[in-house]
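**Student:**
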Amino acid sequence: MKPILFKDCKFILSLPEHGGIVSGKSILVDGRYIVAMDHFDVLYHEYETLTKKADVIDCSNKIVMPGLIDSHNHLCNTHMNLSRIIGLNYDDIASHMMTTVHDPYGWLTDEALYDISLASALNDIKQGATTIENSTIIPEVAYEAMRKSGMRGILAPQMATSFRLENDDLNWKEMLVRTEDLIHKYHDPDNKMSVVVHVHDLWDTLEVVMRSGLDMAEHYNTQYVTHFWEFSDAVERADKMFVQEGGALNHYLKNELITDRCVLFHGSCLTTADIDRIAETGASIIHNPDINGTNCGNCAYIPYMIKKGINVGLGSDYGSLDVKTAMKLMLLVHNIMPRKEKGVSADAPLRAATISGAKAYKLDHLVGSLEPNKLADIIAFDLSAAPNLLPLVTSVIEYDTSILYFLFTRNAAGMPTSETMIDGKMIRRDGKFTELNEQEIVAKAYEWCDRFIPDLMDRLSRNEHYARSIYRDFTRDDELDLEALLSM
Ligand SMILES: [Zn+2]
79 MKPILFKDCK
89 FILSLPEHGG
99 IVSGKSILVD
109 GRYIVAMDHF
119 DVLYHEYETL
129 TKKADVIDCS
139 NKIVMPGLID
149 SHNHLCNTHM
159 NLSRIIGLNY
169 DDIASHMMTT
179 VHDPYGWLTD
189 EALYDISLAS
199 ALNDIKQGAT
209 TIENSTIIPE
219 VAYEAMRKSG
229 MRGILAPQMA
239 TSFRLENDDL
249 NWKEMLVRTE
259 DLIHKYHDPD
269 NKMSVVVHVH
279 DLWDTLEVVM
289 RSGLDMAEHY
299 NTQYVTHFWE
309 FSDAVERADK
319 MFVQEGGALN
329 HYLKNELITD
339 RCVLFHGSCL
349 TTADIDRIAE
359 TGASIIHNPD
369 INGTNCGNCA
379 YIPYMIKKGI
389 NVGLGSDYGS
399 LDVKTAMKLM
409 LLVHNIMPRK
419 EKGVSADAPL
429 RAATISGAKA
439 YKLDHLVGSL
449 EPNKLADIIA
459 FDLSAAPNLL
469 PLVTSVIEYD
479 TSILYFLFTR
489 NAAGMPTSET
499 MIDGKMIRRD
509 GKFTELNEQE
519 IVAKAYEWCD
529 RFIPDLMDRL
539 SRNEHYARSI
549 YRDFTRDDEL
559 DLEALLSM
């Protein structure tokens with residue numbers, strides 16, 4: 079593979095602590111790694127052989143930046159955006175989840191999950207993501223789709239025990255075994271794939287699975303991820319469940335089920351007192367303003383979390399599948415929320431979408447910024463085709479760079495990359511995928527989505543489901559016969 083030179087970048091958009099915003103420099107990549115970042119004549123002088131034989135990408139009218147990290151997504155859930163037809167009822171989260179989430183999971187065949195996951199990954203990558211966390215229900219197939227897309231992946235095989243799908247009948251012990259098997263087979267963060275331990279949510283999964291899962295994450299030195307304080311109904315019911323322990327958060331903290339190995343999705347119902355306590359654990363929180371705003375009607379108190387030193391990453395979840403849209407929403411919604419701490423700094427969304435996401439998954443020594451010796455996950459946007467990015471100009475760099483973070487974050491949503499490099503490999507070039515057949519992949523996913531609602535409606539009209547309840551959500555382990563559950 080030839081070295082690659084991102085030459086004379088109009089902007090290199092990095093964070094202040096990682097070199098800030100510079101203009102006119104070039105980035106030399108050899109193999110999987112960034113070799114150097116400097117002015118072309120300096121690079122030519124120091125790396126003459128590499129520079130001479132490099133494949134040159136003219137970036138004199140391009141913004142070049144670290145690949146974005148989508149820290150929470152469900153690539154197989156994209157069709158579920160149609161579940162809104164049935165109606166969203168977050169006042170009764172458990173029954174709502176059955177028809178709008180569990181049934182759509184159960185409807186998925188291996189083939190449908192592969193096609194929908196691949197098309198969704200393709201959009202996320204097209205919009206700038208190079209690392210994607212994928213919480214998923216059929217992990218072996220999801221893994222294949224993730225590999226095919228070329229992404230740097232974080233595979234999160236979902237474990238939930240209160241329900242079971244028609245096409246997936248693992249009991250709670252078998253679920254743990256499956257996660258452990260997947261870690262053995264695929265967990266290799268240095269080679270583009272992490273496998274994390276994933277408990278779906280605290281109210282639909284046995285506590286023994288949470289405990290064993292966290293121990294497993296410790297044992298294999300990987301992360302433990304879970305949905306956390308996403309719905310107010312769930313928090314109220316969980317608090318009732320643990321009323322004698324002083325509420326659910328008290329219970330989980332007392333039992334050390336929230337640690338610095340945890341990556342908590344959403345946190346949108348956390349109070350300031352809760353946030354203070356979470357901050358002490360060292361857990362990361364992943365902000366998903368898109369799905370929180372359009373589905374749940376809530377919004378995590380991110381300015382306060384940042385003030386308290388919590389590491390905040392950013393996810394597109396299964397909403398827009400565009401991290402830049404999540405960045406824009408992060409910049410915007412906290413100015414509107416009627417709270418004491420308002421707004422975030424202009425570079426906070428980019429930080430959340432790059433280095434903080436990398437930190438959450440312990441990948442920050444590999445990716446999340448553009449620095450020599452880091453893996454080459456690099457994206458570029460072509461300004462000559464981007465009147466939407468006006469007036470992002472170089473002449474203001476020496477006066478105030480925050481305006482440039484602001485303009486990029488507010489205006490780049492929905493804009494595809496011209497180039498995407500992942501692990502030193504060009505995935506997109508000149509605005510097109512280099513190997514993937516975008517039209518074919520998207521067409522297949524549309525076909526599945528077209529079939530989903532008629533199939534689901536047909537089932538529901540016969541009073542049948544694609545999933546079944548194993549025990550009531552919001553049930554404590556001590557109310558259940560765990561041995562009996564193993565035979566169900
Ligand atoms: Zn989620």
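Residue numbers (our numbering): 79 to 566.
Note that beta-carbon positions come from the ideal geometry of N, C-alpha and C, so glycine has one too.
If you count every other CB in all the chains shown that lies within 10 Å of the CB of I163, and 16 or more means buried, which is it?
**Tutor:** Here the question's residue 163 lines up with position 85 in the sequence shown. Answer is exposed; the Cβ neighbour count stays below 16.
**Student:** To the nearest angstrom, how far is it from the Cα of V474 to the Cα of E222?
**Tutor:** As a working mapping, residue 474 is identified with position 396 in the sequence shown. As a working mapping, residue 222 is identified with position 144 in the sequence shown. Going by the C-alpha atoms only, they are around 45 Å apart.
**Student:** Pull the bridge partners of C340 from the DSSP assignment, please.
**Tutor:** On the sequence shown, position 262 is the one that residue 340 refers to. The partner list for C340 (beta bridge, DSSP) reads Y302.
**Student:** Going by beta carbon distance, what residues of the same chain come within less than 8 Å of V313, once the five residues before and after it are set aside?
**Tutor:** Taking the first residue of the sequence shown as position 1, residue 313 is located at position 235. Excluding sequence neighbours, V313 sits near W307, A326, C347.
**Student:** Any heavy atom of ligand 1 within a distance shorter than 7 Å of the CB on D536?
**Tutor:** Here residue 536 refers to the residue found at position 458 when the sequence shown is read from its first residue. No, Cβ of D536 sits at least 7 Å from all heavy atoms of ligand 1.
**Student:** Could you check if S213 belongs to the surroundings of ligand 1, using beta carbon to heavy atom distance under 7 Å?
**Tutor:** On the sequence shown, position 135 is the one that residue 213 refers to. Correct: S213 has its Cβ closer than 7 Å to ligand 1.
**Student:** Going by DSSP, what residue range makes up the beta strand (DSSP E) through D133?
**Tutor:** Numbered from 1 along the sequence shown, position 55 holds the residue referred to as residue 133. Segment 133-136, the beta strand (DSSP E) holding D133.
**Student:** Given a threshold of 16 other Cβ atoms within 10 Å of its Cβ, counted over all protein chains shown, does A545 qualify as buried or as exposed?
**Tutor:** Position 467 of the sequence shown, counting from 1, holds the residue named residue 545. The residue in question, A545, is buried, as its Cβ has 16 or more Cβ neighbours within 10 Å.
**Student:** Where does R507 fall in DSSP's three states?
**Tutor:** Looking up residue 507 in the sequence shown gives position 429. Strand.
**Student:** Would DSSP call R546 helix, strand or coil?
**Tutor:** Taking the sequence shown and counting its residues from 1, one reaches residue 546 at position 468. Three-state result, R546: strand.
**Student:** Helix, strand or coil: which one does DSSP assign to M253?
**Tutor:** Translated into positions along the sequence shown, residue 253 becomes position 175. In this structure, M253 counts as helix in the three-state DSSP scheme.
**Student:** Taking 7 Å as the cut-off, is the beta-carbon of H150 closer than that to any non-hydrogen atom of ligand 1?
**Tutor:** As a working note, residue 150 is residue 72 in the sequence shown. Yes, Cβ of H150 sits closer than 7 Å to a heavy atom of ligand 1.
**Student:** Just the C-alpha distance for I364 and N389, rounded to the nearest angstrom, thanks.
**Tutor:** Taking the sequence shown and counting its residues from 1, the one referred to as residue 364 is at position 286. Taking the sequence shown and counting its residues from 1, the one referred to as residue 389 is at position 311. When rounded, the distance between both Cα atoms is 8 Å.
**Student:** Tell me whether Y524 is buried or exposed, calling it buried when 16 or more other Cβ atoms sit within 10 Å of its Cβ.
**Tutor:** Position 446 of the sequence shown, counted from the start, is the residue given in the question as residue 524. Y524 comes out exposed.
**Student:** Below 7 Å CB to CB, which residues in the same chain sit around E285 once its five sequence neighbours on both sides are set aside?
**Tutor:** Here residue 285 is taken as the residue at index 207 of the sequence shown, counted from 1. So the qualifying residues of the chain are D555.
**Student:** Given M415, which residues of its chain have a CB within under 8 Å of its CB, disregarding the five upstream and five downstream residues?
**Tutor:** Residue 415 sits at position 337 when you count from the first residue of the sequence shown. So the qualifying residues of the chain are C377, Y379.
**Student:** Buried or exposed: which applies to M158, given that a residue is buried once 16 or more other Cβ atoms fall within 10 Å of its Cβ?
**Tutor:** As a position in the sequence shown, residue 158 is number 80, starting the count at 1. Result: buried.
**Student:** Less than 7 Å between C-beta atoms, sequence neighbours within five positions excluded: which residues of the same chain meet that for S394?
**Tutor:** Position 316 of the sequence shown holds residue 394. So the qualifying residues of the chain are D148, N151, D202, D368, D400, V401, T403, A404.
**Student:** Rounded to whole angstroms, what is the Cα-Cα separation between E334 and N299?
**Tutor:** As a first step, residue 334 must be located in the sequence shown, where it is residue number 256. As a first step, residue 299 must be located in the sequence shown, where it is residue number 221. Approximately 17 Å between the Cα atoms of the pair.
**Student:** Please state the DSSP three-state secondary structure of T209.
**Tutor:** The residue given as residue 209 occupies position 131 in the sequence shown. Note: T209 maps to strand in three-state DSSP.
**Student:** Quick one, which of A361, T350, R429 has its alpha-carbon nearest V341's?
**Tutor:** Taking the first residue of the sequence shown as 1, we reach residue 341 at position 263. That would be A361, whose Cα lies nearest to the Cα of V341.
**Student:** Using only alpha-carbon positions, find the residue among K88, F484, V520, L292 that is nearest to L407.
**Tutor:** In the sequence shown, residue 407 corresponds to position 329, counting from 1. Nearest of K88, F484, V520, L292 to L407, Cα basis: F484.
**Student:** Short check: CB of H278 to CB of Q236, under 8 Å?
**Tutor:** Counting from 1 along the sequence shown, the entry for residue 278 is found at position 200. Counting from 1 along the sequence shown, the entry for residue 236 is found at position 158. The answer is yes: Cβ separation under 8 Å.
**Student:** Can you say whether N541 is buried or exposed, counting buried as having 16 or more other CB atoms within 10 angstroms of its CB?
**Tutor:** For the purposes of this step, residue 541 is taken as residue 463 along the sequence shown, with counting starting at 1. Classification for N541: exposed.
**Student:** Quick one: what's V103 bridged to in DSSP?
**Tutor:** For the purposes of this step, residue 103 is taken as the residue at position 25 of the sequence shown. First, the residue type needs correcting, since residue 103 is Lys and not Val in the sequence shown. Partner(s): H117.
**Student:** Is the closest heavy atom of ligand 1 to the C-beta of D395 under 7 Å?
**Tutor:** The count along the sequence shown starts at 1 and reaches residue 395 at position 317. True, at least one ligand heavy atom lies under 7 Å from that Cβ.
**Student:** Distance, Cα to Cα, G502 vs E323?
**Tutor:** Taking the first residue of the sequence shown as position 1, residue 502 is located at position 424. Taking the first residue of the sequence shown as position 1, residue 323 is located at position 245. Cα-Cα distance, rounded: 51 Å.
**Student:** Are I336 and T359 close, meaning C-beta to C-beta below 8 Å?
**Tutor:** Numbered from 1 along the sequence shown, position 258 holds the residue referred to as residue 336. Numbered from 1 along the sequence shown, position 281 holds the residue referred to as residue 359. Contact: yes.
**Student:** Using C-beta distances below 8 Å, list every residue in its chain close to R355, excluding the 5 sequence neighbours before and after it, in chain order.
**Tutor:** Position 277 of the sequence shown, counted from the first residue, corresponds to residue 355. Cβ neighbours of R355 beyond the five flanking positions: L327, L331.
**Student:** Please give me, in chain order, every unbroken run of the alpha helix (DSSP H) with length at least 4 that falls completely inside the region 396-426.
**Tutor:** You should have 401-414.
**Student:** Please say whether I112 and E70 have beta carbons closer to each other than 8 Å?
**Tutor:** Any question about residue 70 goes unanswered here, given that the chain covers just 79 to 566.
**Student:** Would you check if the region 121-137 and the region 79-99 touch, i.e. whether three or more CB-CB distances between them fall below 8 Å?
**Tutor:** Cβ pair count under 8 Å is three or more, so yes.
**Student:** Going by beta-carbon coordinates alone, are A234 and H276 separated by less than 8 Å?
**Tutor:** Locating residue 234 in the sequence shown gives position 156, where the first residue counts as 1. Locating residue 276 in the sequence shown gives position 198, where the first residue counts as 1. Yes, the pair counts as a contact, with Cβ atoms nearer than the cut-off.
**Student:** Taking its Cβ as the centre, do 16 or more other Cβ atoms sit within 10 Å of Q517, making it buried, or is it exposed?
**Tutor:** Against the sequence shown, residue 517 aligns to sequence position 439. Exposed is the call here.
**Student:** Anyone know if the C-beta pair for V273 and Y264 falls short of 8 Å?
**Tutor:** If you number the sequence shown from 1, residue 273 lands on position 195. If you number the sequence shown from 1, residue 264 lands on position 186. Yes.
**Student:** Taking A172 and F552 to be in contact with their CB atoms under 8 Å, please state how far apart those CB atoms are, rounded to whole angstroms.
**Tutor:** Here the question's residue 172 lines up with position 94 in the sequence shown. Here the question's residue 552 lines up with position 474 in the sequence shown. 7 Å between Cβ atoms; contact.
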